[in-house]
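Chemist: Have a look at this one before I ask anything.
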Amino acid sequence: MKRVNHSVTSEFVFLGLTNSWNIQLLLFLLSSVLYVASMMGNCLIIFTVASDPQLHSPMYFLLSNLSFIDIGISSATSPKMIYDLFKKNKVISFRGCIIQIFFVHAIGGVEMVLLIAMAFDRYVAICKPLHYLTMMSPQMCIFFLITAWVVGLMHSVIQLVFIVNLPLCGQLLDSFYCDLPQFIKLACMDTYRLELMVSISSGFMSVAFFFILIISYVVIIFTVLKHSSSGSYKALSTLSAHVTVVVLFFGPAIFFYTWPSSSTHLDKFLALFDAVVTPFLNPVIYTLRNQEMKMAMRRVFRHLMGYRQIS
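Convert by adding 1155 to the 1-based position in the sequence shown; the result is the number in my numbering.
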């Protein structure tokens, strides 16, 4: 078989989401609004947590880092997709494609570990409240953050090692951004082992982390219900927000990477949902369901308005 490498395949062409002008216009409006809203919402969470001393706790430290990750994962795919919507030739360079794959999987890996850390934080706060300050010390929070980035970077780099020098026999990617399943389909070779690698590294990792999180939240919920008190409603409300975010994040990831050879319209819908809608919903979920966060935002807003009037 003749070997064709990336020195020949210097760029790729996205097939995009749709050829309908009306649908493209609708997607452009919705995606632009949701992307801007998600940037503003996540930045507001980060700024509020950093500005309000009452939010200087492990829970909000992890939440602000999750917001930072949401900004990154949305920015890795959404701007290019929005820019390409009305372009006839949706082109990305080989290097740009590899960089996009790297950031999608690195940031995705970081978010998985952060969600585990947030679940552990809630477990300690609800099930072992007397040991909370000891178990969730600042050092532990930094440890979780460093671990998240190490896992995310290693997860992404290891996968890229297997695909960056693949012999490629095509340029068309049936998507609106670069990802492993679509990239592997262009290889001039049997891709069964590579697809198995994706299923194990990304698919199995997503499934395992998802079930760990769901089991941990079930344990926490039973603990809350067993020790019913005046704080039970607040705890359950916080947990419901966490569970919602977990399902929104892991649902599409499990679908993409458990069956990487599949190619359906559902793939594109879930990819669009994961890239644009989920980063928007996360700040909405955490602010609307969190009275403490809403009060902190009001305090920050009043402080800024008072400072502006004085100046």
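Cβ atoms here follow ideal geometry from the backbone N, Cα and C, with glycine treated the same way.
When we look at the beta-carbon of residue 1345 and count the other beta-carbons within 10 Å, is it buried (16 or more) or exposed?
Modeler: Walking along the sequence shown from the start, residue 1345 turns up at place 190. Exposed, since its Cβ has fewer than 16 Cβ neighbours within 10 Å.
Chemist: Should residue 1500 and residue 1315 be called a contact, given that it needs their Cβ atoms to be closer than 8 Å?
Modeler: The structure shown does not extend to residue 1500, since the chain is modelled only from 1156 to 1466, so the question has no answer here.
Chemist: Since residue 1233 and residue 1186 are thought to touch, with beta carbons under 8 Å apart, how far apart are those beta carbons, to the nearest angstrom?
Modeler: Within the sequence shown, numbered from 1, the residue matching residue 1233 stands at position 78. Within the sequence shown, numbered from 1, the residue matching residue 1186 stands at position 31. With 8 Å as the limit, residue 1233 and residue 1186 qualify as a contact, their Cβ atoms being about 6 Å apart.
Chemist: Please classify residue 1363 as buried or exposed, where buried requires at least 16 other C-beta atoms within 10 Å of its C-beta.
Modeler: In the sequence shown, residue 1363 corresponds to position 208, counting from 1. Exposed: under 16 other Cβ atoms inside 10 Å.
Chemist: Whose C-alpha, out of 1170, 1218, 1312, 1287, is nearest the C-alpha of residue 1260?
Modeler: Working through the sequence shown from its first residue, we reach residue 1260 at position 105. Of the listed residues, the one whose Cα sits closest to residue 1260 is 1312.
Chemist: Do the CB positions of residue 1379 and residue 1281 come within less than 8 Å of each other?
Modeler: Numbered from 1 along the sequence shown, position 224 holds the residue referred to as residue 1379. Numbered from 1 along the sequence shown, position 126 holds the residue referred to as residue 1281. It is a contact, given that the beta carbons lie within the stated cut-off.
Chemist: Measure the alpha-carbon distance for residue 1201 versus residue 1360 and round it to whole angstroms.
Modeler: In the sequence shown, the residue the question calls residue 1201 occupies position 46. In the sequence shown, the residue the question calls residue 1360 occupies position 205. Approximately 28 Å, taken between the alpha carbons.
Chemist: I need the DSSP call for residue 1258, collapsed to helix, strand or coil.
Modeler: Walking along the sequence shown from the start, residue 1258 turns up at place 103. Looking at residue 1258 - three-state DSSP - the assignment turns out to be helix.
Chemist: Per DSSP, which residues does residue 1205 bridge with? Please list them.
Modeler: The residue labelled residue 1205 in the question sits at position 50 within the sequence shown. Note: residue 1205 sits in no beta bridge, so no partner.
Chemist: Report the start-end ranges of each alpha helix (DSSP H) in the segment 1220-1306 that is 4 residues or longer and not cut off at the edges.
Modeler: DSSP runs (the alpha helix (DSSP H)) wholly in the segment 1220-1306: 1233-1239, 1249-1282, 1287-1290.
Chemist: For the alpha helix (DSSP H) containing residue 1168, list its first residue and its last residue.
Modeler: As a first step, residue 1168 must be located in the sequence shown, where it is residue number 13. Residue 1168 -> not in any alpha helix (DSSP H); beta strand (DSSP E) instead, spanning 1166-1169.
Chemist: Whether or not the segment 1269-1281 and the segment 1188-1198 are in contact is what I'm after, with contact meaning three or more pairs of Cβ atoms, one per stretch, closer than 8 Å; do they touch?
Modeler: No, because fewer than three Cβ pairs between the segment 1188-1198 and the segment 1269-1281 fall closer than 8 Å, the two stretches do not touch.
Chemist: Just to confirm my understanding: we take residue 1278, look at its own chain, exclude 5 residues before and 5 after, and list those with CB closer than 8 Å. What are they?
Modeler: Within the sequence shown, numbered from 1, the residue matching residue 1278 stands at position 123. Excluding residues within five positions, the ones whose Cβ falls inside 8 Å are 1371, 1374, 1375.
Chemist: On the CB-based measure, 16 or more other CB atoms within 10 Å of its CB, does residue 1157 come out buried or exposed?
Modeler: In the sequence shown, counting from the first residue as 1, residue 1157 sits at position 2. Residue confidence for residue 1157 is low, a pLDDT of 40 falling below 50, so the modelled location carries little weight and cannot support an answer.
Chemist: Restricting to Cα atoms, I'd like to know which of 1173, 1192, 1209 is closest to residue 1447.
Modeler: Position 292 of the sequence shown, counted from the start, is the residue given in the question as residue 1447. Minimum Cα distance to residue 1447 is reached at 1209.
Chemist: Taking just the CA atoms, how far does residue 1430 sit from residue 1511?
Modeler: Outside the shown range of the chain (1156 to 1466) lies residue 1511, about which nothing can therefore be said.
Chemist: Within 10 angstroms of the Cβ of residue 1400, are there 16 or more other Cβ atoms? Answer buried if so, exposed if not.
Modeler: Taking the sequence shown and counting its residues from 1, the one referred to as residue 1400 is at position 245. By the 10 Å Cβ count, residue 1400 comes out buried.
Chemist: Compute the Euclidean distance between the alpha carbons of residue 1411 and residue 1320, then round it to the nearest angstrom.
Modeler: Counting from one through the sequence shown, the residue named residue 1411 turns up at place 256. Counting from one through the sequence shown, the residue named residue 1320 turns up at place 165. Each residue's Cα considered, the two are about 23 Å apart.
Chemist: Check whether the Cβ atoms of residue 1221 and residue 1437 lie closer than 8 Å to each other.
Modeler: The residue you call residue 1221 lines up with position 66 of the sequence shown. The residue you call residue 1437 lines up with position 282 of the sequence shown. It is a contact, given that the beta carbons lie within the stated cut-off.
Chemist: Here's the rule I'm using: 16 or more other beta-carbon atoms within 10 Å means buried, otherwise exposed. How should residue 1325 be labelled?
Modeler: Residue mapping note: residue 1325 aligns to position 170 of the sequence shown, counting from 1. Exposed.
Chemist: For residue 1192, I'd like the list of residues in its chain whose CB is within less than 8 Å of its CB, leaving aside the five on either flank, ordered along the chain.
Modeler: Walking along the sequence shown from the start, residue 1192 turns up at place 37. These residues qualify, in order along the chain: 1435.
Chemist: Mark residue 1197 as exposed unless 16 or more other C-beta atoms lie within 10 angstroms of its C-beta, in which case mark it buried.
Modeler: Here residue 1197 refers to the residue found at position 42 of the sequence shown. That one is buried.
Chemist: Can you tell me whether DSSP reads residue 1180 as helix, strand or coil?
Modeler: Along the sequence shown, one-based indexing puts residue 1180 at 25. Looking at residue 1180 - three-state DSSP - the assignment turns out to be helix.
Chemist: According to DSSP, is residue 1321 part of a helix, a strand, or is it coil?
Modeler: On the sequence shown, residue 1321 is found 166 positions in, with the first residue counted as 1. In the structure shown, residue 1321 sits in coil (DSSP, three-state: anything other than H, G, I, E or B).
Chemist: Have a look at residue 1339 and residue 1450 and give me their C-alpha separation to the nearest angstrom.
Modeler: Taking the first residue of the sequence shown as position 1, residue 1339 is located at position 184. Taking the first residue of the sequence shown as position 1, residue 1450 is located at position 295. Near 48 Å, if we compare the C-alpha coordinates of residue 1450 and residue 1339.
Chemist: Which same chain residues, not among the five before or five after residue 1299, have their C-beta less than 6 Å away from its C-beta?
Modeler: Counted from its first residue, the sequence shown places residue 1299 at position 144. Here the set comprises 1272.
Chemist: Beta-carbon within less than 6 Å of residue 1452's beta-carbon, same chain only, minus the 5 sequence neighbours each way: which residues are those?
Modeler: Counted from its first residue, the sequence shown places residue 1452 at position 297. If we look at residue 1452 and ignore the five residues flanking it on each side, its Cβ neighbours are 1203.
Chemist: Helix, strand or coil: which one does DSSP assign to residue 1218?
Modeler: Looking up residue 1218 in the sequence shown gives position 63. If DSSP states are grouped into helix, strand and coil, residue 1218 belongs with the helices.
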